[in-house]
Structures are given as C-alpha cells and as structure tokens.
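Numbering (the numbering used here), first residue to last: 2 to 368.
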C-alpha cells in the first residue's frame, strides 16, 4: 500500500515535532534550525479505534492489535527545491513514494523559533511548497513527453494516446493548476502515465495547522486564512498544537482526556490526522475477535471477502469457502458472537461479498 502519508513543510514549522508525537518516540531530532531531518524517518502508527476496545471488553482477549498507518517525515523543503536548492530533488522523490501529503503549516507566533522567511504567513508558506511540487511535476511530464514522442514515431499506439494526454496535462500544470484538477484523471492514458510518475500534485493534501495552546480552542487569524485557502481547493485543515501533542506522548488515557478538556478540545489533532489520513488512503478495517487476539485488519474500501482474507494469510484466499460475518453494532449489542447468532444477526457470505467497515469476520477455507 505504498508508504502512506508523507509529512512536508518548510523548516521550523513543527513538522518533526508532529512526527515525534505521532510515533510516540523522539526519532526525528527536532531542533531549531533548518534541515535537522536529513533522511526521511518512517514510522508505523496505530490507528485509534474505540470499536476495537469495545470488542475487547466483550471477548477479553490476551491482546489487542490495531490497524496501522505508515507515516514518513520528509526534510523541510525550501523555495527552489525543484532546482536543487536546500536538500533538493532527493526529498521531492521521497514525497513521490507516498500516497497522501500531510502539509504542516505554521500558524503561531514565537520569537524564539526562527522562520526561514522572516514572518508568519501560512498562505505564502503553503504556496512555496506547492509551487515546488508543481515545478517537479512539470519537469517529470516534460521528460515523459520526450520519451513518448520517440515511441510514437515508431507507431506505438499506446504511446500516441499517452502523448496526447501528457501534452494536455503539461498545458494544464504550466498554467499553475495542480494535477488533481486535470479533466482527464480517469483516462487510461493518464492512469498509465501516473502509475509510473506518481505526480506530486495529484495526491490528496491534508493541511495540519500547527497552533499554540491558545489557538486550539478558537481559530486564530492564521488558521482562518488557511481554512479559506483549503476550502477553495477542496482540501481540509486539521488544527493541532505539535508541542502539546509531544508533551502528551507519555500520558495515560485519563491524563490525555483531562488535558484536552482543559484546552477546550474533544479529540487530539493527531488522532484526527490519523483518522483522516486512513480515510484519504481509501482504507477501512474489519475485525477478528477471539480469546487470543482482537484485531483490526486493514483493507482497501471495496475489497471482496477472499481478498480481505488474504490479508491474514494467502491460503485463506486460495481455499476460500465462505465468510461468517457479524456487523460490529450487532456484535456489541448482543454481547458477542453467540448472542448475535442467537439473535439471527450472523450471515454467511460468498466470494462476491464486499467487506464493510467494522465487519466482525471468521473465514472458512480449505487448502
């Protein structure tokens, strides 16, 4: 499923602090100078899911296993990165390997934390990064056009079709529009091309507005501007205070809840980011619930039962017979598997069944 979500942002916006909190470890050396993240830090982050905890209360398993999400902390970009400035194209390549971009934007003032541009302006900062991503896409499409022209001269039909799409795309992005707004995103030519190029501005973006503590309970002027910008582009803003999130790393659940209540928020920004990222990736979870383990398994939305079974083991798909399914709500309402069965809430589903988010499943197979 690729590398998941890539964290990007200018230096000193709180990106690595956010990553530290996400991973519950101080892996990305967070410091008050540019480029302290020299190699992309990768982490597998559990996806909080209260449904899993509710199942565990009923089944009382030996352990609980959450779904996970991959995050990559990518070094701070600067203006001119697409031309090699700062740490340059290497890090644009790291972004290319991710599927969703989490853009951390500084929305707080602090004279003790320097800003590479000298002032706090979230829209300017966002546009610096997005312009570099766009420049990198233009360069990638130009190179692809050169290659396709050579193939098209040899009467390669597929190359001719892709060339038409590539030239239309180039005109689109040279006008300053991101790939995500291109009119032919679903065309065979674009899909074939982007499978290789993984164009940066084709990826969904979540903006993480990094605020100070006062900015959590009420949107400051910086956040308001960022939300207006995101709304125009069909993107979303999630507000967080990276320093608070990092401070809460070692808190237990009660301490976290108390601190969030004191700050006037119901859910931490990081939990919102994890859940939103999971959805943006087109992922969902189904559950298995036994005395040894209650576990969430990650699948793509629209996955059939045999393919979902393969996530546990390939043999489950090869020898798939059918799936026993109980909806999460029914499993909880009737106190577990036996109660749900007695209430007639269990189903037997075949190979064409599309697994639903929250299904509690048991697979029958024969190899």
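Yeah, the Cβ is synthetic: ideal placement off N, Cα and C, and Gly gets one too.
Owing to the predicted nature of the structure, the values given are computational and were not obtained by experimental measurement.
Test item: CB-CB of residue i and residue j under 8 Å
i	j	result
residue 51	residue 250	no
residue 271	residue 23	yes
residue 10	residue 130	yes
residue 368	residue 319	yes
residue 123	residue 226	yes
residue 306	residue 245	no
residue 296	residue 288	yes
residue 170	residue 212	no
Residue i at chain B interface by Cβ criterion, 8 Å
i	result
residue 121	The structure shown contains no chain B; it is built from a single protein chain.
Nonlocal neighbours in the same chain, by C-beta distance under 7 Å from residue i, ignoring five residues either side
i	result
residue 194	145, 163, 166, 167
residue 188	166
residue 265	217, 218
residue 317	310, 311, 364, 366
residue 181	202, 203
residue 336	59
Nonlocal neighbours in the same chain, by C-beta distance under 6 Å from residue i, ignoring five residues either side
i	result
residue 48	67, 68, 70, 275, 279
residue 326	348, 350, 360, 362
residue 353	none
residue 64	294
residue 333	55
residue 152	160
residue 223	108, 123
residue 16	8, 10, 105
residue 103	6, 8, 207, 209
Option in the options with minimal Cα separation from residue i
i	options	result
residue 310	75, 286, 277, 330	286
residue 72	20, 336, 187, 119	20
residue 98	202, 343, 335	202
residue 5	46, 15, 17, 18	46
residue 304	322, 314, 284	284
residue 214	222, 242, 236	242
residue 76	151, 288, 94, 301	94
residue 101	247, 8, 308, 259	8
residue 234	313, 127, 299, 260	127
residue 331	18, 323, 59	59
residue 329	141, 342, 321, 323	342
residue 237	281, 197, 338	281
residue 323	308, 125, 337	308
residue 74	57, 44, 139, 61	44
residue 57	344, 345, 339, 291	291
Start-to-end residues for the alpha helix (DSSP H) that takes in residue i
i	result
residue 64	Per DSSP, residue 64 belongs to no alpha helix (DSSP H); it is in the beta strand (DSSP E), 64–66.
residue 57	51–60
residue 18	16–24
residue 247	243–248
residue 72	From DSSP, residue 72 is part of no alpha helix (DSSP H) but of the beta strand (DSSP E) over 69–74.
residue 12	Segment: none, residue 12 is in no alpha helix (DSSP H) and carries neither H nor E.
residue 306	306–311
Close-in-space but distant-in-sequence residues of the same chain around residue i (CB under 8 Å, 5 per side omitted)
i	result
residue 239	207, 208, 209, 210, 270, 273, 274, 277
residue 135	174, 177, 179, 201, 202
residue 358	285, 286, 287, 302
residue 199	97, 98
residue 313	289, 298, 364
Terminal residues of the beta strand (DSSP E) in which residue i lies
i	result
residue 367	That residue, residue 367, is in no beta strand (DSSP E); it is neither H nor E in DSSP.
residue 315	Careful: residue 315 lies outside any beta strand (DSSP E), inside the alpha helix (DSSP H) at 315–319.
residue 7	6–9
residue 43	42–47
residue 330	Premise fails: residue 330 lies in the alpha helix (DSSP H), 329–334, not in any beta strand (DSSP E).
residue 294	294–301
residue 343	Per DSSP, residue 343 belongs to no beta strand (DSSP E); it is in the alpha helix (DSSP H), 338–343.
residue 104	101–107
Requested in this report: For the region 258–289, list the beta strand (DSSP E) runs that are entirely contained and at least 3 residues long, ordered along the chain.
Outcome: Those beta strand (DSSP E) runs which fall completely within the region 258–289 and span 3+ residues do not exist here.
Query raised in the report: Along the chain, which unbroken stretches of the beta strand (DSSP E) at least 3 residues long are found entirely within the region 130–174?
Result: Counting whole runs of 3 or more residues, the region 130–174 contains no beta strand (DSSP E) stretch at all.
Report task. Taking only runs that begin and end inside the region 186–245, name each unbroken beta strand (DSSP E) of 3 or more residues, in chain order. Result -> Entirely contained in the region 186–245, the beta strand (DSSP E) runs reaching 3 residues are, in chain order, 206–211, 237–241.
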